[in-house]
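Chemist: The structure under discussion is supplied below as structure tokens; questions concerning it will follow.
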Amino acid sequence: MEVIRRASHAGSWYTDNPRKLEEELDGWLDAAGLPKSSDVRGVIAPHAGYSYSGRAAAYAFGNIDPTNISRVFLLGPSHHYYTPKCALSTATVYKTPIGDLPIDQEGNSDMFWITHSVVPLIEELKATGKFELMDLRVDEAEHSMEMHLPYLAKVFKGHQVKVVPILVGALNAESEAKYGKLLAKYIDDPKNFFSVSSDFCHWGTRFNYTHYDNKHGAIHKSIEALDKMGMDIIETGDPDSFKNYLLEFDNTICGRHPISVFLHMTKNCSTKIKIQFLRYEQSSQCKTMRDSSVSYASAAAKADGE
8 MEVIRRASHA GSWYTDNPRK LEEELDGWLD AAGLPKSSDV RGVIAPHAGY
58 SYSGRAAAYA FGNIDPTNIS RVFLLGPSHH YYTPKCALST ATVYKTPIGD
108 LPIDQEGNSD MFWITHSVVP LIEELKATGK FELMDLRVDE AEHSMEMHLP
158 YLAKVFKGHQ VKVVPILVGA LNAESEAKYG KLLAKYIDDP KNFFSVSSDF
208 CHWGTRFNYT HYDNKHGAIH KSIEALDKMG MDIIETGDPD SFKNYLLEFD
258 NTICGRHPIS VFLHMTKNCS TKIKIQFLRY EQSSQCKTMR DSSVSYASAA
308 AKADGE
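The sequence shown begins at 8 in the working numbering and counts up one residue at a time.
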């Protein structure tokens, strides 16, 4: 039975006009001007409204060569629903204004092009007993994965691809490592791709976060230094160093848990993965303690030496 997840944030967080959306995505991708590479096996990209983060996100999605990819794992943080685990979607299709993305879900018998198994991936993950299921209401309320969907629909247009959405809850360090080890084997299949959703520092009293180190000068420069310290650590691929950074500075990186799971995946897979950040932006430049901003960073995760 078909279960549709509506594009619930279209018309507010991004345009629901297909022609306009295509034009915006094309414009940002063209402006980024990145070469497509089959070595790119994953991205870290923001999930704010496109008027804020759409341009930055192009520096992640513009790297993707869709030719040989048949499955996209989508890892996003949970903003509204509390769970100490990871949760799987119960939908069978994710709608976008520019094309629908089928979920690698039960009832998909047309999976002959996937080499591992004819068992739908959602069923395979369910069978581990480690995941809960999110109902459609929770799925549609969450924006972190939806904001990646139009870019994925755009990049994979004309290619047969299925999506595995995983809502990453408020995991402790042990759980981050557990899920990372469980999912690591999927990186070793080049037909799989990973889209990791995260914004970076949410700064200001409205976010209850006003860390400021005046040695960097203006507040926005301090925020940039803090974010770039975290980005440099993520590029090392060391989940423990990233965890220590978060414990020390408590930087309000909302996708900290999906990023940590992904770092544990890259640490435990057989393929050597190198993460590189390609773009950094802030929604505004904070100069006084009354100001606020959100940071956006985009990275590509490449198979190194293939």
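Using N, Cα and C, we set each Cβ at its ideal position, and we do this for glycine too.
(1) Please return the same chain residues whose Cβ sits closer than 8 Å to the Cβ of Asn-221, not counting the five positions on each side in sequence.
(2) Helix, strand or coil for Phe-163, going by three-state DSSP, please let me know.
(3) May I ask which residues mark the beginning and end of the alpha helix (DSSP H) holding Arg-213?
(4) Within a Cβ cutoff of 7 Å, which residues of the same chain sit near Ile-121, ignoring the five residues on either side of it in sequence?
(5) Considering only residues of the same chain and omitting the five flanking positions on each side of Thr-278, which have a CB-CB separation below 6 Å?
(6) Which class does Leu-189 belong to by DSSP, given the choice of helix, strand or coil?
(7) When the cut-off is 9 Å and only beta carbons count, does Ala-63 lie next to chain B?
(8) Evaluate Tyr-252 with the Cβ neighbour count: other Cβ atoms within 10 Å of its Cβ, from every protein chain shown; 16 or more gives buried, anything less gives exposed.
(9) If you drop the 5 nearest sequence neighbours on each side, which residues of the same chain put their C-beta closer than 6 Å to that of Glu-288?
(10) Looking at C-beta atoms only, is the number of pairs between the segment 234-253 and the segment 138-153 that lie closer than 8 Å three or more?
(11) Name the two residues that bound the continuous beta strand (DSSP E) containing Tyr-303.
(12) State whether the segment 170-180 contacts the segment 44-63, with contact taken as three or more CB pairs (one from each stretch) at a distance under 8 Å.
(13) Check Ser-60 in the structure and name its three-state DSSP category.
(14) Given a threshold of 16 other Cβ atoms within 10 Å of its Cβ, counted over all protein chains shown, does Asn-258 qualify as buried or as exposed?
(15) What is the residue span of the beta strand (DSSP E) that Pro-172 lies within?
(16) For the pair the segment 82-99 and the segment 164-177, tell me if three or more CB-CB distances fall below 8 Å.
(17) Start and end of the beta strand (DSSP E) containing Leu-140?
(18) Would you give the residue range spanned by the beta strand (DSSP E) that Val-203 belongs to?
(19) Excluding sequence positions up to five away, which residues of its chain have a Cβ less than 7 Å from the Cβ of His-87?
Modeler: Judging by the given coordinates:
(1) Ser-229
(2) coil
(3) Per DSSP, Arg-213 belongs to no alpha helix (DSSP H) and is neither H nor E.
(4) Residue confidence is low: Ile-121 scores 41 on pLDDT, short of 50, so the model does not pin down where it sits. Its coordinate-derived value is still stated next. Same-chain partners within the cutoff: Ser-77, Arg-78 and Lys-198.
(5) Ile-194, Asp-195 and Ala-310
(6) helix
(7) Among the chains in the structure shown there is no chain B, since it carries only a single protein chain.
(8) Taking a 10 Å sphere around the C-beta of Tyr-252, we find 16 or more other C-beta atoms and assign the residue as buried.
(9) Ala-63 and Tyr-303
(10) no
(11) Per DSSP, the continuous beta strand (DSSP E) segment holding Tyr-303 begins and ends at 300-310.
(12) no
(13) In the three-state scheme derived from DSSP, where H, G and I count as helix and E and B as strand, Ser-60 is classed as helix.
(14) Buried.
(15) Unbroken beta strand (DSSP E) run through Pro-172: 169-175.
(16) yes
(17) 138-141
(18) 199-204
(19) Ala-148 and Glu-149
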